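Participant: In this note's numbering, the protein residues as written are 1203 to 1442.
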Ligand SMILES: Nc1ncnc2c1ncn2[C@@H]1O[C@H](COP(=O)(O)OP(=O)(O)OP(=O)(O)O)[C@@H](O)[C@H]1O
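(1) So, with DSSP's three-state summary, where would you put residue 1224?
(2) Does residue 1528 pass the burial test, meaning 16 or more other C-beta atoms within 10 Å, or should it be called exposed?
(3) I'd like to confirm something about residue 1249: is its beta-carbon nearer than 7 Å to some heavy atom of ligand 1, or not?
(4) In terms of residues, what are the limits of the beta strand (DSSP E) holding residue 1270?
(5) Do residue 1293 and residue 1305 count as a contact pair if the criterion is CB distance below 8 Å?
(6) Using a Cβ distance threshold of 8 Å, determine whether the stretch 1423-1438 contacts the stretch 1405-1414, with at least three qualifying pairs required.
(7) Answer yes or no: the CB of residue 1405 versus the heavy atoms of ligand 1, is any distance below 7 Å?
(8) Let me make sure I understand the geometry here. Which of 1436, 1255, 1348 and 1297 has the alpha-carbon closest to that of residue 1277?
(9) State the start and end residues of the unbroken beta strand (DSSP E) segment that holds residue 1378.
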């Protein structure tokens, strides 16, 4: 993969995965384009995290293909990995390091510092409302503050593909609003964003399209029509 070519669109084709005798994913197809924000919905245990883990290469599918920019990738190599950011269920931060150091370390390890001033570690932490506490060790942070650091860390990589497992969990209203704004800005800049959430109000306000994972397949899909209001879109999501 050339360092400059885009990794988008990202596509999963007929992904199957079982754990022991349980078939969790039974032929999932999914595609996310540059500039799109897509929600993956589904009940607890539907397989959302499993699918995300396959997408970022933490887990191999039993069958099916993951494609970036039209090419099948059996493994996620270094060049590809640095173009993806993944926010896991738990923040996974270094407690003794400050918020700024956590973000800086991650950027260093990824070997990719953004050239955008607004994505510099302190700037992105400030945009997520942590301007006053960037130098504090994160072990003193609340769960919501830690979630904000993990989000800042993902955004600071300026990823082309951002995969967020329940990003609104633990955030208060202001945090959810800030995150919604940041995600819209990233998508406007050309990133593709795939997120899971059980919060239909947030999903209705943020995403362009939603997919319902049920019994191992994408059971239904809805897209926001041009000019469609949040209430009307939320009603469509609730009816999925
Ligand atoms: N490593 C594993 N070993 C065995 N079973 C697993 C493993 N990981 C996930 N599973 C099972 O796969 C199913 C899907 O789990 P997954 O975490 O992907 O669901 P989810 O849609 O993300 O759920 P939630 O909304 O609760 O986060 C569950 O039945 C879970 O028990």
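Glycine residues also receive a C-beta, built at the ideal position from the N, C-alpha and C atoms.
For clarity, every value in this text was computed on a predicted model and none was experimentally measured.
Facilitator: On the basis of the supplied data:
(1) Here residue 1224 sits in strand by DSSP.
(2) The structure shown does not extend to residue 1528, since the chain is modelled only from 1203 through 1442, so no value can be given for it.
(3) Distance from the C-beta of residue 1249 to the nearest heavy atom of ligand 1 is below 7 Å.
(4) 1265-1270
(5) no
(6) Using a Cβ-Cβ distance cut-off of 8 Å, the stretch 1423-1438 and the stretch 1405-1414 are in contact, since at least three pairs of beta carbons, one from each stretch, lie closer than that value.
(7) no
(8) Taking only the C-alpha atoms, the option nearest residue 1277 is 1255.
(9) Here residue 1378 belongs to no beta strand (DSSP E); instead the alpha helix (DSSP H) covers 1375-1390.
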